[in-house]
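Read in my numbering, the sequence shown has 31 at position 26, and its numbers run on one by one without any break. Note that beta-carbon positions come from the ideal geometry of N, C-alpha and C, so glycine has one too. These numbers were taken from a predicted model, which means no experiment stands behind them. As structure tokens, the structure follows; a few thoughts come after it.
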Amino acid sequence: MNKIITILSFLTFLFCFSQNSEELNKKGIELLIQKKYEQAIPLL
6 MNKIITILSF
16 LTFLFCFSQN
26 SEELNKKGIE
36 LLIQKKYEQA
46 IPLL
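Structure follows, in structure tokens:
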């Protein structure tokens, strides 16, 4: 249950972050998300 909450809160953070920072380098954000998902997937 805690893992699901952690992932949901991370996704919420990402959503808010991307909404507020549209000018940031999209490639960098994509790499960051990919890294986080690679870490999160084994937890599921």
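Length of the line joining the Cα atoms of residue i and residue j
i      : j      : result
Lys-40 : Phe-15 : 13 Å
Phe-22 : Ile-38 : 12 Å
Beta-carbon proximity check, residue i vs residue j, cutoff 8 Å
i      : j      : result
Ile-12 : Ala-45 : yes
Cutoff 8 Å: residue i Cβ touching any chain C Cβ
i      : result
Leu-13 : Note that chain C does not occur in the displayed structure, where there is just one protein chain.
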